[in-house]
Amino acid sequence: MLTTTLLLGVTLWSWLVQSVHGGAGNKWTYVDNTLGPENWYTVFPFCGGQQQSPIEVISELVVPGHDLVDFNLSELNNTKGVTMIIANVGGHTVQVALGGKPIYITGGGLGGRFRVEQFHFHWGNKNERGSEHAIDGLFYPMEMHIVLYNDMHPNFTSAVHETKGLAVLAFFFKVGQVNKGMFKILRHFSSIKFSGANKPIVAFPIAALLPKKINSWFRYDGSLTTPPCSESVRWTLFKDEISISHSQMKAFRKLLRNIQGQQNMILVDNYRPLQELNKRKVYTNLKFQSVGNKNSNQLE
Ligand SMILES: [Zn+2]
């Protein structure tokens, strides 16, 4: 009986996990075909909107956001009472969904208390690509998204389509030193090789994956980068990069986007192409955006 209940719980959760990362399953893909990003809008109309993500940040055009106070990310160290399930969601991404005791984030000019729903990754088959956002024309090999919903809503699903219902914290990776925290995830990759596979794991502090110190970040309003592409997301893009080793990066590129028993296709390049900024502005938490940032890059 207990086993049945547990199984049912996990099945139900995996369905929820699916729906969180665009549960539309087979209705969309990252491959450039009729189900590819350029055609998402035909099935998911929001994907054709004017406030879509990801975008390229051009640092010369970024303006100071006077309400952008520091974040309080201290609860990202919590593990007590927290439950985690790692999953290969629809062959689209690796995602860790949170349950149990809530983890909240405040500050950062988000306007309220936001609860962590899940975090997941976007990566490339080569180091020159993989991130969804770009900074001054530069893409990173991987981007991590911590997905939050506004605590004024009872759950993630009811917040998805609400204005400022969601927030995503985005972190960029650079290939270099080993990221010890990342082993908490990588050790489970053999269990989630195929699309749809998931596994409860021992909760670990999300902070272990992040930069030790956070200095500067960008803010803009956009959308989910997967269908249904709801325009309900306050984005934060952290400039402080996270290190990951080449062999750790390679482990991501061995995951598969097919279910077991089908022809194997590696899960890579799971990023949406850049979207138009249109009338939006990008803000920075820095009071004085360094003038000529771009020029100093050119001198290096
Ligand atoms: Zn994402």
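Numbering that gives the first Met the number 0 numbers the first residue of the sequence shown as 0 and each following residue consecutively.
By construction, the Cβ of each residue, glycine as well, lies at the ideal position given by its N, Cα and C atoms.
Next on the checklist: With a threshold of 8 Å, are at least 3 pairs of Cβ atoms found where one atom belongs to the segment 82-90 and the other to the segment 191-199?
Outcome noted: yes
Next on the checklist: Which same chain residues end up closer than 7 Å to L185 when comparing Cβ atoms and leaving out the 5 residues on each side of it in sequence?
Outcome noted: Q247, A250
Checklist entry - Which residues in the same chain as Q50 place their Cβ atom closer than 8 Å to its Cβ, once the five residues preceding and following it in sequence are excluded? => result D220, G221, S222, E230, N277, R279
Item to check | Segment limits, alpha helix (DSSP H) that includes H91 | outcome: Per DSSP, H91 belongs to no alpha helix (DSSP H) and is neither H nor E.
Next on the checklist: For the alpha helix (DSSP H) containing L184, name the first residue and the last one.
Outcome noted: According to the sequence provided, residue 184 is Ile. The question's Leu does not apply to it. Per DSSP, I184 belongs to the alpha helix (DSSP H) from 182-185.
Checklist entry - Considering only residues of the segment 235-296, which uninterrupted alpha helix (DSSP H) runs meet the minimum length of 4 residues and lie entirely inside it, listed in chain order? => result 245-251
Checklist entry - Quick one: what's got a C-beta closer than 6 Å to V281's C-beta in the same chain, skipping five residues either side? => result V56, V61, F217, Y219
Item to check | Host alpha helix (DSSP H) of T41 (start-end) | outcome: 39-42
Checklist entry - Can you list, in chain order, the residues of its chain whose CB lies under 8 Å from that of G136, leaving out five sequence neighbours each side? => result E55
Item to check | Bridge-paired residues (DSSP) for T106 | outcome: For the sequence presented, residue 106 should be read as Gly rather than Thr. Per DSSP, F70.
Checklist entry - Going straight from the alpha carbon of F113 to that of A166, what length do you get? => result Distance between the alpha carbons of F113 and A166 is about 8 Å.
Item to check | Closer than 7 Å to chain B by CB, I200 | outcome: Checking the listed chains, one finds no chain B in this structure; it contains a single protein chain.
Checklist entry - Should E142 go down as buried or exposed, given a rule of 16 or more other Cβ atoms within 10 Å for buried? => result buried
Item to check | Backbone secondary structure at E55 - three-state DSSP | outcome: strand
Next on the checklist: Within a Cβ cutoff of 7 Å, which residues of the same chain sit near T78, ignoring the five residues on either side of it in sequence?
Outcome noted: A202, F203, P204
Item to check | Exposure of T156, with buried meaning 16 or more beta-carbon neighbours within 10 Å | outcome: exposed
Next on the checklist: Looking at ligand 1, does it come within less than 6 Å of T304, judged from the CB to the closest heavy atom?
Outcome noted: Residue 304 is absent from the structure shown; the chain starts at 0 and stops at 299.
Checklist entry - Helix, strand or coil: how does DSSP classify A166 here? => result strand
Item to check | G22 versus G129 - alpha carbon distance | outcome: Any reading at G22 must be qualified, since the residue scores a pLDDT of 46, below 50, and its modelled position is unreliable; the value itself is stated next. One C-alpha to the other measures close to 22 Å.
Checklist entry - Measuring CA to CA, which of D268, F170, M151, P101 is closest to I134? => result F170
Checklist entry - Contact check, W122 vs N269 under 8 Å by CB: the rounded distance? => result The Cβ separation is near 7 Å, so the contact holds.
Checklist entry - Ordered along the chain, which non-local residues of its own chain (more than five positions away) have a Cβ less than 6 Å from that of Q176? => result S242
Next on the checklist: My assumption, with CB atoms under 8 Å, is that Q117 sits in contact with V95. Please give the rounded CB distance.
Outcome noted: 6 Å
Checklist entry - Is H304 near ligand 1, with its Cβ less than 6 Å from a heavy atom? => result Look at the range of the chain in this structure, 0 to 299, and you will see that residue 304 is not part of it.
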